[in-house]
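Asks:
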Amino acid sequence: MSNNQREKLLSNDVIKNFLEKDNKLSFEKNEKFIEIASSLAYYLKSFSNIKRFLDYISLLLKHTFTQQLSLVIPLDEKGEIWKENIKFSGDTKNIKMDNEIKSYFKKFDFSKNFRLKEIYIFEKDLKDKFKEYLIHSYKISSRGKCRGFVYTFNQESLNKSVNNERNLNFIISCLAVGLENYWLIKTKKKHENVDREISIGAEIQSQLLPDFCPIIFGVDLAAHCRPALQLGGDYYDFMSLKTNISEKRREKARWALVIGDVMGKGIPAGLLMTMLRGMLRAEVLTGLPPDRILHDLNQLAIDDLDQSHRFITLFYSDYDPRTKKLRYANAAHNPPLLWKSSEQKIIKLDSEGFVLGLQNDAEYECGQVQLNKKDIILYYTDGVTDTSNTLGERFDEERLIKSFTNLCQQSLKSKEILNKIFKTLDEFTGKNRQLEDDASIVVFQLD
-6 MSNNQREKLL SNDVIKNFLE KDNKLSFEKN EKFIEIASSL AYYLKSFSNI
44 KRFLDYISLL LKHTFTQQLS LVIPLDEKGE IWKENIKFSG DTKNIKMDNE
94 IKSYFKKFDF SKNFRLKEIY IFEKDLKDKF KEYLIHSYKI SSRGKCRGFV
144 YTFNQESLNK SVNNERNLNF IISCLAVGLE NYWLIKTKKK HENVDREISI
194 GAEIQSQLLP DFCPIIFGVD LAAHCRPALQ LGGDYYDFMS LKTNISEKRR
244 EKARWALVIG DVMGKGIPAG LLMTMLRGML RAEVLTGLPP DRILHDLNQL
294 AIDDLDQSHR FITLFYSDYD PRTKKLRYAN AAHNPPLLWK SSEQKIIKLD
344 SEGFVLGLQN DAEYECGQVQ LNKKDIILYY TDGVTDTSNT LGERFDEERL
394 IKSFTNLCQQ SLKSKEILNK IFKTLDEFTG KNRQLEDDAS IVVFQLD
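In the numbering used here, the protein residues as written are -6 to 440.
1. Using beta-carbon positions only, say whether residue 357 and residue 284 come within less than 8 Å of one another.
2. Spatial neighbours of residue 116 within its chain, please: CB distance less than 8 Å, with the 5 preceding and 5 following residues excluded, ordered by chain position.
3. In angstroms, rounded to a whole number, what distance separates the CA positions of residue 166 and residue 46?
4. Looking only at DSSP bridge pairs, what is residue 370 linked to?
5. Look at residue 250 and residue 437 and say whether their C-beta atoms are less than 8 Å apart.
6. Any heavy atom of the ligand FMN inside 7 Å of the beta-carbon of residue 210?
7. If you check the beta carbons only, do residue 176 and residue 209 fall under 8 Å apart?
8. Report the three-state DSSP secondary structure of residue 380 (helix, strand or coil).
9. Checking 8 Å against the spacing of the C-beta atoms, do residue 306 and residue 230 come in under that value?
10. Any idea which residues DSSP pairs residue 248 with across the strands?
11. Between residue 54 and residue 161, what straight-line distance do the alpha-carbon atoms span, to the nearest angstrom?
12. Apart from the five residues just before and just after residue 276, which ones in its own chain have a Cβ nearer than 7 Å to its Cβ?
13. Would you say residue 349 and residue 308 are within 8 Å of each other, going by their C-beta atoms?
14. With the cut-off set at 8 Å, would you say residue 334 and residue 353 are in Cβ contact?
15. Based on DSSP bridge pairs, tell me the residues matched to residue 206.
16. Residues bridged to residue 322 by DSSP?
17. Starting from the Cα of residue 298, find the closest Cα among 28, 280, 70, 272 and give me that residue.
18. Take residue -1 and list the residues in its own chain whose beta-carbon comes closer than 7 Å to its own, dropping the five residues that flank it on each side.
19. Name the DSSP beta bridge partners of residue 141, please?
20. Run through DSSP, which three-state label would residue 357 get?
21. Which residues in the same chain as residue 407 place their Cβ atom closer than 8 Å to its Cβ, once the five residues preceding and following it in sequence are excluded?
22. Would you tell me roughly how many angstroms separate the C-alpha atoms of residue 122 and residue 51, rounded to the nearest one?
23. Quick one: what does DSSP say residue 302 is sitting in, helix, strand or coil?
24. Can you give the Cα-Cα distance for residue 409 and residue 261, rounded to whole angstroms?
25. Start and end of the alpha helix (DSSP H) containing residue 396?
26. Is the CB-CB distance between residue 381 and residue 227 below 8 Å?
27. With DSSP run on the structure shown, which of helix, strand or coil describes residue 431?
28. Three-state secondary structure (DSSP) at residue 239?
29. Could you pull the DSSP bridge partners for residue 167 from this structure?
30. What first and last residue would you give for the alpha helix (DSSP H) that runs through residue 50?
31. For residue 37, which residues from the same chain have a beta carbon less than 8 Å from its beta carbon, with the 5 sequence-adjacent residues on both sides left out?
32. Would you kindly work out how many angstroms separate the C-alpha atoms of residue 243 and residue 206, rounded to a whole number?
33. Starting from residue 74 and walking both ways along the beta strand (DSSP E), at which residues does that stretch end?
34. Report the partner residues of residue 175 according to the DSSP bridge assignment.
35. Compare the Cα-Cα distances from residue 279 to each of 310, 264, 300, 235 and report the closest residue.
36. Mapping the DSSP letters down to three states, classify residue 121 as helix, strand or coil.
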């Protein structure tokens, strides 16, 4: 639809003809209602104070329908009676009636967990109490959700006007939209606050992952984590087993290299990952072999993990630059891929072990491998192999091995291998397609 067509469709003449034809109303005879509609439209576009808006609705009801009393009972965001914002409007001649209804309403006991059947009991009692009035009830609803109720009190001798009924329904509809918009704005602000907190949490979590790879003698390192959401459950770390020595000596000391994955993603996984990091860093300083590290870590974390109904997979290894020996233990994590340069083949580094957090007496096996010049190890999480494309095909381990083998044969640096693997993942998943799970990669290459 062009702009000119839209302007014609929404022109005053078209709207006027529509109202006069379909509603049998004359604009000249309905100027008061036009003013009401205009002022309500203004309020709906600009109001931010719900109490003032409800006061204005009550004022409209009072001055538009001078021969009747009105009671507005809004519901809050939980669907409970919003007692502090109940509004009663009517002529000052009915001040006694006003006080009686307010007093009656205060005595009526609505339960904390309000149910619609209670309003029907209230309506029946109301009609029994004020028999001299003809009471009509209207539900304030929008998008199929009840937002409150309106009651009108008329003397039985008065005839009901069709125009008055239409005008009343219009005001009630605007009231419903106003209440809905108010709670939508409140919900939006809550979500914005939560998003802000998540962003801060994600920033803190990103700081817990190493900012840069450490200098280890004879090793070229590269690592990167790509979370599926702002907070992720993937974890990798590099820790020196000797903290009280100089930087130069630390390069040749034993180093722990670890990669793990908390079940799930988002805030719960991120919190557990942070907890795991603190526990593991304390355990590493004991200098125990990898199998003992995982055993003790499982003992420490099992209560917390059991309560969260989650588990963690973790591959822990330590490397001695002087002997080029790598020891490792695996808590059911994806086995890292070792490229043996001299043999031009891939070996999986795996050992027996149970996930952390499910079995109290879990035992772990310690493996060891002698590394040589130009050997490369690829540590990764299952977010890499579980990545799928638009056809639903997984990237899987076979594709990763094929891609990694091809890159190892090109004499690339660890950072280049890392970047090219992520590029291969992006090409496989498709342009602008987000990863379904956190994906982390560490490339460990001997010079």
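Note that CB positions come from ideal geometry on N, CA and C, so glycine has one too.
Replies: Once the coordinates are examined:
1. Residue 357 sits at position 364 when you count from the first residue of the sequence shown. Residue 284 sits at position 291 when you count from the first residue of the sequence shown. Closer than 8 Å, so yes.
2. Your numbering for residue 116 matches position 123 in the sequence shown. Excluding positions up to five away in sequence, the list reads 128, 130, 144.
3. Here residue 166 is taken as the residue at index 173 of the sequence shown, counted from 1. Here residue 46 is taken as the residue at index 53 of the sequence shown, counted from 1. Spanning the alpha carbons of residue 166 and residue 46 requires a straight line of approximately 14 Å.
4. Counting from one through the sequence shown, the residue named residue 370 turns up at place 377. Listed as beta-bridge partners of residue 370 by DSSP are 331, 437.
5. In the sequence shown, the residue the question calls residue 250 occupies position 257. In the sequence shown, the residue the question calls residue 437 occupies position 444. For residue 250 and residue 437, yes; Cβs fall inside 8 Å.
6. Only the bare structure without any ligand can be found here, which leaves the ligand FMN out of the picture.
7. Taking the first residue of the sequence shown as 1, we reach residue 176 at position 183. Taking the first residue of the sequence shown as 1, we reach residue 209 at position 216. In this structure, residue 209 does not lie closer than 8 Å to residue 176 by Cβ.
8. Taking the sequence shown and counting its residues from 1, one reaches residue 380 at position 387. DSSP places residue 380 in coil when its eight states are reduced to three.
9. Taking the sequence shown and counting its residues from 1, one reaches residue 306 at position 313. Taking the sequence shown and counting its residues from 1, one reaches residue 230 at position 237. The answer is no: Cβ separation not under 8 Å.
10. Translated into positions along the sequence shown, residue 248 becomes position 255. 233, 312.
11. Along the sequence shown, one-based indexing puts residue 54 at 61. Along the sequence shown, one-based indexing puts residue 161 at 168. So the alpha carbons of these two residues sit roughly 8 Å apart.
12. Working through the sequence shown from its first residue, we reach residue 276 at position 283. Here the set comprises 286, 289, 290.
13. Your numbering for residue 349 matches position 356 in the sequence shown. Your numbering for residue 308 matches position 315 in the sequence shown. For residue 349 and residue 308, no; Cβs fall outside 8 Å.
14. Locating residue 334 in the sequence shown gives position 341, where the first residue counts as 1. Locating residue 353 in the sequence shown gives position 360, where the first residue counts as 1. Not closer than 8 Å, so no.
15. Looking up residue 206 in the sequence shown gives position 213. As far as DSSP is concerned, residue 206 takes part in no beta bridge.
16. Here residue 322 refers to the residue found at position 329 when the sequence shown is read from its first residue. BP columns for residue 322 point to 309.
17. Start at 1 with the first residue of the sequence shown, and residue 298 comes out as number 305. Here the closest residue by C-alpha is 272.
18. In the sequence shown, the residue the question calls residue -1 occupies position 6. Only weak support exists for where residue -1 lies, its pLDDT of 44 falling under 50; the coordinates are left without a value.
19. Residue numbering aside, residue 141 sits at position 148 when the sequence shown is read from its first letter. For residue 141, the beta-bridge partners assigned by DSSP are 67, 133.
20. If you number the sequence shown from 1, residue 357 lands on position 364. Note: residue 357 maps to coil in three-state DSSP.
21. Sequence index remark: in the sequence shown, residue 407 carries index 414 (1-based). Cβ neighbours of residue 407 beyond the five flanking positions: 213, 214, 215, 369, 436, 437, 438.
22. Locating residue 122 in the sequence shown gives position 129, where the first residue counts as 1. Locating residue 51 in the sequence shown gives position 58, where the first residue counts as 1. Cα to Cα, the separation comes out at about 23 Å.
23. For the purposes of this step, residue 302 is identified with residue 309 of the sequence shown, where counting begins at 1. Reduced to three states, the DSSP call for residue 302 is coil.
24. Walking along the sequence shown from the start, residue 409 turns up at place 416. Walking along the sequence shown from the start, residue 261 turns up at place 268. So the alpha carbons of these two residues sit roughly 33 Å apart.
25. Taking the first residue of the sequence shown as position 1, residue 396 is located at position 403. Start and end: 389 to 401.
26. For the purposes of this step, residue 381 is taken as residue 388 along the sequence shown, with counting starting at 1. For the purposes of this step, residue 227 is taken as residue 234 along the sequence shown, with counting starting at 1. Cβ distance not < 8 Å, so residue 381 and residue 227 don't count as in contact.
27. Within the sequence shown, the letter at position 438 stands for residue 431. In this structure, residue 431 counts as coil in the three-state DSSP scheme.
28. Taking the first residue of the sequence shown as 1, we reach residue 239 at position 246. DSSP, reduced to helix, strand and coil, places residue 239 outside both helices and strands of the structure shown, so it counts as coil.
29. Working through the sequence shown from its first residue, we reach residue 167 at position 174. Bridge partners of residue 167: none, in fact.
30. On the sequence shown, residue 50 is found 57 positions in, with the first residue counted as 1. Segment 43 to 57, the alpha helix (DSSP H) holding residue 50.
31. On the sequence shown, position 44 is the one that residue 37 refers to. Apart from sequence neighbours up to five positions away, the residues of its chain that approach residue 37 with a beta-carbon distance below 8 Å are 167, 170, 171, 174, ordered along the chain.
32. For this step, residue 243 is matched to residue 250 along the sequence shown. For this step, residue 206 is matched to residue 213 along the sequence shown. Straight-line spacing of the CA atoms in residue 243 and residue 206 works out to 14 Å.
33. Numbered from 1 along the sequence shown, position 81 holds the residue referred to as residue 74. DSSP places residue 74 outside any beta strand (DSSP E), giving it a letter other than H or E.
34. If you number the sequence shown from 1, residue 175 lands on position 182. Looking at the DSSP assignment, residue 175 forms no beta bridge with any residue, so it has no partner.
35. Numbered from its first residue, the sequence shown carries residue 279 at position 286. Of the listed residues, the one whose Cα sits closest to residue 279 is 235.
36. Locating residue 121 in the sequence shown gives position 128, where the first residue counts as 1. In the structure shown, the three-state DSSP call for residue 121 is helix.
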